[in-house]
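A.B. asks:
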């Protein structure tokens, strides 16, 4: 599009569903007469996962996405604009708008790093080139800007997080958030805003909210900003975050920012500015720093994806490592459905299925269990998480699964979590297990983590018949026995369940990553 007529800019929004700190909308405001904020429900995102054919987008994330789109539409209406919504491939929708309007001067979007998103960007470039329309892109998904990294090229990105973190903290600065106009330029005349779809159009049902959920929140920028206000300013919970972040029950043990970050409902730079403001006005401690530390993990996995490209999806991972992964569907089903016979694993997997959420601590454990105890193909777990997680983020998800599988960015080999010790450390009285595995709730205290070690009399008293009312363990790792209480005056029984097929190395302390956000805790 050329000439002196009115200039229209299409702002294609993807994982940036917010008004605050939006470089795309900010640029359009300064370079257009009309702005079309556009969100496309790309049908390719509602197909099947690549290797194991799970649905790509599950009910919890779809609900959160629909809420986020509705919220952004409401916000833009207040700014004198609207969110144009379409179902279709973004490149086709943009093509149709260019043809319809005849005034489109540019298409603007925030850049992504993984294949499906990059394929859309290439297709958009082809469409725009055909019509003489400018492409304007921005980098805005990370705390630190790609161009500000202290490495001469992305290929020089360190393969160990700590090296990355120290270099960035010492040599880079976080850019300030973009200050947005109170009112946005209007939509181009004749553009229909379009209907926001309902879950049934994607073959889904609106999921019921489970009262046990640790994430009873709605999608959207409005809710994201309210969450930060609550967690920082109203309650000061952020000041004790480092002590509570390994919790399992309830909403306030952690920030819970991840679902909103994944869709861009909140900007990482805005969180950073609010942390710095909080530290200046209230208190600065290890907890406030830890929020930034974890945003850096999120950055790191995005830059790892930028460095390695499609290798993050390959069986051999970043290390090109041959591992004899199994593809046992029965074991996978037991893991997916929370019936492995290992209560801590089962509780976490049931929470995920019922709510779309799982604690950071839980994610580390169920991933270690799938890859190290069961020896299953790590991509089975990665794709199951992709399907169910409300906070699914492609870079963080695959980066963390590679890490757990021992073929990613972990400086230490053979890292393996001890399910029983972890259960006893983080759910010492068994309350979390009782919440999600009610058929064994009559077992008192921490012994709920090792049902197979209880006497027949104890099991009978609790109304449990192993192998009938609750499964026998699908595997028994030798290191678990160190954490089974040897009680006097009870007749010993041999452990029930299958022996661990793998030769498990002794455990180490965890200096590494957690899922989505990182914490340091004892593993063995």
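Residue numbers (this note's numbering): 20 to 543. Beta carbons are placed, not taken as given, at the ideal position from N, Cα and C, and that holds for glycine.
(1) Restricting to Cα atoms, I'd like to know which of 376, 316, 189, 124 is closest to residue 146.
(2) For the beta strand (DSSP E) containing residue 58, name the first residue and the last one.
(3) Please report how far the alpha carbon of residue 130 lies from the alpha carbon of residue 158, in whole angstroms.
(4) Helix or strand or just coil, what does DSSP make of residue 27?
(5) Between which two residues does the beta strand (DSSP E) harbouring residue 156 extend?
(6) Rounded to a whole number of angstroms, what is the C-alpha to C-alpha distance between residue 223 and residue 500?
(7) Please name the residue or residues paired with residue 125 in a DSSP beta bridge.
(8) Quick check: residue 31 and residue 87, are their CB atoms within less than 9 Å of each other?
(9) Looking only at its chain, what residues have a beta carbon closer than 8 Å to the beta carbon of residue 273, apart from the 5 residues adjacent to it on each side?
(10) Whose C-beta lies closer than 8 Å to the C-beta of residue 421 among residues of the same chain, with five residues either side of it excluded?
(11) Here's the rule I'm using: 16 or more other beta-carbon atoms within 10 Å means buried, otherwise exposed. How should residue 195 be labelled?
(12) Does residue 489 come out as helix, strand or coil in the three-state DSSP assignment?
(13) Would you grab the beta carbon distance between residue 423 and residue 390 for me? Rounded to a whole angstrom, and I think it's under 8 Å.
(14) How far does the beta strand (DSSP E) with residue 106 in it reach, from first residue to last?
(15) Can you list, in chain order, the residues of its chain whose CB lies under 6 Å from that of residue 186, leaving out five sequence neighbours each side?
(16) In the DSSP assignment, what are the bridge partners of residue 395?
(17) Between the alpha carbons of residue 212 and residue 85, how many angstroms are there, rounded?
(18) Are the beta-carbon atoms of residue 82 and residue 239 separated by less than 9 Å?
(19) Give the secondary structure of residue 37 by DSSP, where H, G and I count as helix, E and B as strand, and everything else as coil.
(20) If I follow the unbroken alpha helix (DSSP H) through residue 367, where does it start and stop?
(21) By Cβ distance below 6 Å, which residues in the same chain neighbour residue 231 in space, the five residues on each side in sequence not counted?
(22) Start and end of the alpha helix (DSSP H) containing residue 109?
(23) Apply the 10 Å Cβ neighbour rule to residue 517 and answer buried if 16 or more other Cβ atoms are within range, or exposed otherwise.
(24) Where are the alpha helix (DSSP H) runs, 4 residues long or more, that stay fully inside the region 428-459, in chain order?
(25) Taking contact to mean 3 or more Cβ pairs, one atom from each stretch, closer than 8 Å, check whether the region 368-388 and the region 44-58 are in contact.
(26) I need the boundaries of the alpha helix (DSSP H) containing residue 480, first residue and last residue.
(27) Can you tell me whether residue 227 is buried or exposed, with buried defined as 16 or more other CB within 10 angstroms of its CB?
(28) Give the secondary structure of residue 278 by DSSP, where H, G and I count as helix, E and B as strand, and everything else as coil.
(29) What does a CB cutoff of less than 6 Å around residue 241 pick up in its chain, not counting 5 residues either side in sequence?
(30) Excluding sequence positions up to five away, which residues of its chain have a Cβ less than 8 Å from the Cβ of residue 153?
(31) For residue 425 versus residue 434, is the C-beta spacing smaller than 9 Å?
(32) Output yes or no for whether 9 Å exceeds the beta carbon distance between residue 276 and residue 324.
(33) Run the CB neighbour count on residue 26, radius 10 Å, all protein chains shown included, and call it buried at 16 or more, exposed below.
(34) So does the region 110-120 actually touch the region 65-81, counting three or more Cβ pairs closer than 8 Å?
(35) Can residue 297 and residue 344 be called in contact, C-beta distance under 9 Å?
(36) Give me the Cα-Cα distance between residue 491 and residue 383, rounded to the nearest whole angstrom.
C.D. replies: Based on what the coordinates show:
(1) Looking up residue 146 in the chain shown gives position 127. Closest option to residue 146, Cα to Cα, is 124.
(2) Stepping through the chain shown from its first residue, residue 58 is reached at position 39. Residues 53-60.
(3) Working through the chain shown from its first residue, we reach residue 130 at position 111. Working through the chain shown from its first residue, we reach residue 158 at position 139. Distance between the alpha carbons of residue 130 and residue 158: 6 Å.
(4) One-based indexing of the chain shown puts residue 27 at position 8. Residue 27: strand per DSSP, three-state reduction.
(5) Numbered from its first residue, the chain shown carries residue 156 at position 137. Element bounds for residue 156: 153-157.
(6) In the chain shown, residue 223 corresponds to position 204, counting from 1. In the chain shown, residue 500 corresponds to position 481, counting from 1. Taking the straight line from one Cα to the other gives about 43 Å.
(7) Working through the chain shown from its first residue, we reach residue 125 at position 106. According to DSSP, which records beta bridges pairwise, residue 125 is partnered with 28, 153.
(8) As a working note, residue 31 is residue 12 in the chain shown. As a working note, residue 87 is residue 68 in the chain shown. Not a contact, by the Cβ cut-off of 9 Å.
(9) Numbered from 1 along the chain shown, position 254 holds the residue referred to as residue 273. The answer, listed in chain order, is 260, 263, 264, 266, 378, 379, 536.
(10) For the purposes of this step, residue 421 is taken as residue 402 along the chain shown, with counting starting at 1. The residues are 331, 336, 337, 397, 427, 428.
(11) For the purposes of this step, residue 195 is taken as residue 176 along the chain shown, with counting starting at 1. Classified as exposed, residue 195 has fewer than 16 neighbouring CB atoms from the shown chains inside 10 Å of its CB.
(12) Here residue 489 corresponds to residue number 470 of the chain shown, with the count starting at 1. Three-state result, residue 489: strand.
(13) Counting from one through the chain shown, the residue named residue 423 turns up at place 404. Counting from one through the chain shown, the residue named residue 390 turns up at place 371. At roughly 6 Å, the Cβ-Cβ gap stays under 8 Å, so residue 423 and residue 390 are in contact.
(14) Taking the chain shown and counting its residues from 1, one reaches residue 106 at position 87. Counting along the chain, the beta strand (DSSP E) containing residue 106 begins and ends at 103-106.
(15) Mapped onto the chain shown, residue 186 falls at position 167. Cβ within range, chain order: 169.
(16) For this step, residue 395 is matched to residue 376 along the chain shown. In the DSSP output, where bridge partners are listed per residue, residue 395 has 345.
(17) The sequence position of residue 212 within the chain shown is 193, counting from 1. The sequence position of residue 85 within the chain shown is 66, counting from 1. Rounded to the nearest angstrom, the two C-alpha atoms are 15 Å apart.
(18) In the chain shown, residue 82 corresponds to position 63, counting from 1. In the chain shown, residue 239 corresponds to position 220, counting from 1. Taking 9 Å as the Cβ cut-off, residue 82 and residue 239 do not qualify as a contacting pair.
(19) Looking up residue 37 in the chain shown gives position 18. Looking at residue 37 - three-state DSSP - the assignment turns out to be coil, as it is neither helix nor strand.
(20) On the chain shown, position 348 is the one that residue 367 refers to. DSSP places residue 367 inside the alpha helix (DSSP H), whose first and last residues are 362-374.
(21) Position 212 of the chain shown, counted from the first residue, corresponds to residue 231. Hits under 6 Å: 454.
(22) In the chain shown, the residue the question calls residue 109 occupies position 90. Annotation: the continuous alpha helix (DSSP H) that includes residue 109 extends over 109-120.
(23) The residue given as residue 517 occupies position 498 in the chain shown. Bear in mind that a pLDDT of 45 at residue 517, under 50, signals an unreliable position, so the model cannot answer this.
(24) For the region 428-459, the continuous alpha helix (DSSP H) assignments of 4+ residues that do not extend past its boundaries occur at 438-445, 450-455, in sequence order.
(25) No contact exists between the region 368-388 and the region 44-58.
(26) Numbered from 1 along the chain shown, position 461 holds the residue referred to as residue 480. Counting along the chain, the alpha helix (DSSP H) containing residue 480 begins and ends at 475-480.
(27) The residue labelled residue 227 in the question sits at position 208 within the chain shown. With fewer than 16 other Cβ atoms within 10 Å, it is exposed.
(28) Position 259 of the chain shown, counting from 1, holds the residue named residue 278. Three-state DSSP puts residue 278 in a helix.
(29) Taking the chain shown and counting its residues from 1, one reaches residue 241 at position 222. Exclusion of the five residues before and after residue 241 leaves 90 as the residues of its chain whose Cβ lies within less than 6 Å of its Cβ.
(30) For this step, residue 153 is matched to residue 134 along the chain shown. Hits under 8 Å: 124, 125, 126, 147.
(31) Position 406 of the chain shown, counted from the first residue, corresponds to residue 425. Position 415 of the chain shown, counted from the first residue, corresponds to residue 434. Yes, the Cβ-Cβ distance between residue 425 and residue 434 is below 9 Å.
(32) For the purposes of this step, residue 276 is taken as residue 257 along the chain shown, with counting starting at 1. For the purposes of this step, residue 324 is taken as residue 305 along the chain shown, with counting starting at 1. Taking a C-beta distance under 9 Å as the contact criterion, residue 276 and residue 324 do not qualify as a contact pair.
(33) The residue given as residue 26 occupies position 7 in the chain shown. Residue 26 should be labelled buried.
(34) The answer is no - the region 65-81 does not touch the region 110-120, with fewer than three Cβ pairs under 8 Å.
(35) Numbered from 1 along the chain shown, position 278 holds the residue referred to as residue 297. Numbered from 1 along the chain shown, position 325 holds the residue referred to as residue 344. Residue 344 sits away from residue 297, with the two beta carbons spaced by 9 Å or more.
(36) As a position in the chain shown, residue 491 is number 472, starting the count at 1. As a position in the chain shown, residue 383 is number 364, starting the count at 1. Between the alpha carbons of residue 491 and residue 383 lies a gap of roughly 22 Å.
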